[in-house]
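K.L.:
Dropping the structure in here first, questions after.
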Amino acid sequence: MVKKAIRYKGVETLMPKEPALYKWEGIDFERDYQAFKVNSRTHQILRLLENKSLLEVDKNANDLLPSINLIFGYEVNGDDFEIENEDNKIIAGVSMQLPLFEQVQNAEHKVSKITLDKTRLSAQSIDAQLYFDLKNLYRQIERERELIAISNKKIQLAQDVVVDETENYSFGKITLNDFIQAVNVLDDNRFSNITHSTRLRQLIAEWLRLTDVLVNASVLKKY
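Under the working numbering, the residues of the sequence shown are numbered 20 to 242, in order.
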């Protein structure tokens, strides 16, 4: 059906190309996690929330302070239109306005500080949970890689056994059931390899999703 859809007229068998995503190399957890903390959208949002709460605290703190204005002027007094016998004065002073609702503003300041503390604690909790989830995911990825390597070795051994058993069966040294059993072992190992490879792909996709690498700015610019 694929050949018909793309009007392929060649004789070679078409094989799907494995996405580069699944050829992704191993993870350096600590390095990649630090990069995630610096560059990810998740941590950028957490930092923005904390900065917003911090600005609110500063604003409410400033509202508690008296408002001070400096006054500076120059005055000339004298007689007649052309000002004779003038008296020159320089005026300087300070105008201060005290908050009328100090209790309300003080309460707002305390509430904003509590909100800031809650925001910081929430960010720390989210960060700890992300670290735990990513660490657990990293261990699963490494485990699947090890299982795939083991299954590859088992496949090679099972293939060698099938070759030997094929020859033995042709000479009547083993029964048909023995030969079928050897083939079944090979098939089981191949199925196990496919299962672990599929699982590894799922885990890698999940890792890239959680670390904001699966879809990033460079990808979005293509659309």
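Even glycine gets a Cβ: it sits at the ideal position worked out from N, Cα and C.
To which residues of the same chain is N208 closer than 7 Å at the C-beta, ignoring the five residues directly before and after it?
P.N.:
Around N208: S170, K173, I174 and A177.
K.L.:
When we look at the beta-carbon of A201 and count the other beta-carbons within 10 Å, is it buried (16 or more) or exposed?
P.N.:
A201 comes out buried.
K.L.:
To the nearest angstrom, report how far apart F151 and E163 are at their CA atoms.
P.N.:
Cα-Cα distance, rounded: 19 Å.
K.L.:
With DSSP run on the structure shown, which of helix, strand or coil describes V232?
P.N.:
Correct three-state label for V232: coil.
K.L.:
Determine, using beta carbons only, whether L297 and V181 come nearer to each other than 8 Å.
P.N.:
For the chain, the structure presents residues 20 to 242; residue 297 sits outside this window and is missing.
K.L.:
Grab me the residues of Y222's own chain with a C-beta within less than 7 Å of its C-beta, minus the 5 sequence neighbours each way, in chain order.
P.N.:
The question names Tyr, but residue 222 is Leu in the sequence shown. Correct list, in chain order: L156, Q159, I160 and E163.
K.L.:
Over what stretch of residues does the alpha helix (DSSP H) that includes D51 continue unbroken?
P.N.:
Its alpha helix (DSSP H) spans residues F48 to N58.
K.L.:
Taking DSSP as the reference, what is the three-state secondary structure of I133?
P.N.:
Residue state, collapsed to three classes: helix.
K.L.:
Look at N233 and A142 and say whether their C-beta atoms are less than 8 Å apart.
P.N.:
Before going on, a small fix: residue 233 reads as Leu here, not Asn. Contact flag unset, no.
K.L.:
Measuring alpha carbon to alpha carbon, tell me which of S131, V130, L153 and R60 ends up nearest A224.
P.N.:
The shortest C-alpha separation from A224 is found at L153.
K.L.:
Give the secondary structure of F198 by DSSP, where H, G and I count as helix, E and B as strand, and everything else as coil.
P.N.:
Note: F198 maps to helix in three-state DSSP.
K.L.:
Identify which residue in L135, A147, I167 and D47 has its Cα closest to the Cα of T217.
P.N.:
Minimum Cα distance to T217 is reached at I167.
K.L.:
For S59, which residues in the same chain have their Cβ closer than 7 Å to its Cβ, ignoring the five residues on either side in sequence?
P.N.:
Once the five neighbours on either side are set aside, the close Cβ partners of S59 are T230 and D231.
K.L.:
Once DSSP output is grouped into helix, strand and coil, what is the label at F190?
P.N.:
If DSSP states are grouped into helix, strand and coil, F190 belongs with coil.
K.L.:
Is E69 closer than 8 Å to A139 when the C-beta atoms are compared?
P.N.:
According to the sequence as given, residue 139 is Arg; it is not Ala. Yes, Cβ-Cβ distance for R139 and E69 is below 8 Å.
K.L.:
Compute the Euclidean distance between the alpha carbons of S131 and S144, then round it to the nearest angstrom.
P.N.:
Roughly 20 Å separates the two Cα atoms.
K.L.:
Note down the Cα distance separating N187 from N196, rounded to an integer number of angstroms.
P.N.:
Spanning the two alpha carbons is a distance of roughly 12 Å.
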